[in-house]
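Beneath this line is the structure, given in C-alpha cells, with notes to follow.
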Amino acid sequence: NDTARLTDDKVDLFKNIIRNLKFKYRPEKFENPALQTLWRNIEATALNKNKPEEFIDLTIPNIENQNKKIVEYIDEIKQTIFPPDYVMGITKRSATKRKAETAATSTSSKKTKADDNIDVEAAARNNLLTKLTIPILKNYCKEQNLKASGTKKQDLIDIILQHLAIN
Numbered sequence: 223n224d225t226a227r228l229t230d231d232k233v234d235l236f237k238n239i240i241r242n243l244k245f246k247y248r249p250e251k252f253e254n255p256a257l258q259t260l261w262r263n264i265e266a267t268a269l270n271k272n273k274p275e276e277f278i279d280l281t282i283p284n285i286e287n288q289n290k291k292i293v294e295y296i297d298e299i300k301q302t303i304f305p306p307d308y309v310m311g312i313t314k315r316s317a318t319k320r321k322a323e324t325a326a327t328s329t330s331s332k333k334t335k336a337d338d339n340i341d342v343e344a345a346a347r348n349n350l351l352t353k354l355t356i357p358i359l360k361n362y363c364k365e366q367n368l369k370a371s372g373t374k375k376q377d378l379i380d381i382i383l384q385h386l387a388i389n
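With my numbering applied, the sequence shown corresponds to residues 223 to 389, in that order.
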C-alpha cells in the first residue's frame with residue numbers, strides 16, 4: 223500500500239520541529255515597519271539627508287536562524303517521509319525541441335496573448351496604466367484609432383486618459 227501512514231513517531235518529530243521554531247511573541251519588541259519607514263523618511267527630510275537610516279524589519283522571519291534550529295532533524299525527516307529505496311534528486315528527462323516559429327507568427331501570437339488578458343480601460347480607472355507595457359498601450363491606441371505620436375510611456379498614458387476623459 224503506497225499511502226503514507228501517520229505514526230506517533232512522525233507526529234512527535236514534527237511537534238519537536240514546531241516547538242523549536244516557536245518563540246514568545248511580545249508585540250512591544252516589534253516596531254511597525256510602515257511607521258518606522260515613515261519616521262525615518264521624515265527625519266531624513268528634516269535633517270536634509272539624501273537617504274534615510276536603514277531599517278531592519280524584525281517582522282520578517284529569520285530563515286537562517288530557523289534552518290539552524292531544524293538542521294538536526296533533516297536526516298530524520300528524510301527517513302520518516304521517504305521510503306528506504308528513494309533516491310533524492312531530480313530525474314533527467316530527455317530534452318524535446320519545439321519547432322521554430324517564423325518571426326511573423328511568434329510576434330503576433332505573443333501580442334494577442336498579452337493583449338487579450340489586459341483591460342486597458344479598467345487599468346485607467348484604477349490608476350494602473352503605469353504598470354502596463356508600452357506595446358500594450360500602443361496597441362490600445364491603435365485599436366481606438368488614437369494618434370500615438372510619442373514613444374514615451376507617459377505620452378501614451380496621457381493620450382489614453384484624455385480619450386477616456388479620466389483625469
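Note that beta-carbon positions come from the ideal geometry of N, C-alpha and C, so glycine has one too.
Only a predicted model underlies this, so the values are computations on that prediction, with no experimental measurement involved.
Assigned secondary structure, residue i (DSSP; H/G/I helix, E/B strand, else coil)
i: glutamate 276; result: coil
i: valine 342; result: helix
i: glutamate 265; result: helix
i: glutamate 253; result: coil
i: glutamine 301; result: helix
i: histidine 385; result: helix
i: isoleucine 282; result: coil
i: tyrosine 308; result: coil
i: arginine 241; result: helix
i: threonine 352; result: helix
i: leucine 368; result: coil
i: arginine 347; result: helix
i: threonine 229; result: coil
i: asparagine 270; result: coil
i: threonine 259; result: helix
Residue nearest to residue i in terms of C-alpha spacing, selected from the options
i: leucine 351; options: Tyr295, Gln384 and Glu275; result: Gln384
i: glutamate 276; options: Asn284, Ile285, Thr259 and Lys290; result: Thr259
i: asparagine 263; options: Pro274, Asn270 and Leu269; result: Pro274
i: isoleucine 356; options: Asn348, Ile340 and Arg347; result: Ile340
i: asparagine 361; options: Glu343, Arg347 and Leu228; result: Glu343
i: tyrosine 247; options: Leu228, Ile278 and Pro283; result: Pro283
i: arginine 227; options: Phe304, Lys237, Val309 and Asp377; result: Phe304
i: glutamine 288; options: Leu378, Asn348 and Lys244; result: Lys244
Cutoff 7 angstroms; reference residue i; Cβ partners in own chain excluding five residues on either side
i: isoleucine 381; result: Cys363, Leu368 and Ala370
i: phenylalanine 252; result: Leu280 and Thr281
i: asparagine 242; result: Lys291 and Ile292
i: glutamine 366; result: His385
i: proline 306; result: none
i: alanine 336; result: Only weak support is given to the placement of alanine 336: the predicted model assigns it a pLDDT of 48, under 50, and the question is left unresolved by the model.
Cβ separation of residue i and residue j, assumed to be a contact under 8 angstroms, to the nearest whole Å
i: leucine 257; j: isoleucine 299; result: Not a contact, Cβ separation roughly 39 angstroms.
i: isoleucine 388; j: alanine 345; result: Wrong, their Cβ atoms sit about 11 angstroms apart, outside the cutoff.
Cβ neighbours of residue i in the same chain (closer than 8 angstroms, five flanking residues each side left out)
i: threonine 302; result: Asp231, Lys232 and Leu235
i: threonine 373; result: Ile356
i: leucine 354; result: Ile340, Val342 and Ala345
i: proline 255; result: Phe277, Asp279 and Thr281
i: proline 272; result: For clarity, residue 272 is asparagine in the given sequence; the question names proline instead. Once the five neighbours on either side are set aside, the close Cβ partners of asparagine 272 are Ala266.
Beta-carbon proximity list for residue i, same chain, < 6 angstroms, skipping 5 on both sides
i: alanine 266; result: Pro274
i: tyrosine 295; result: Ile239
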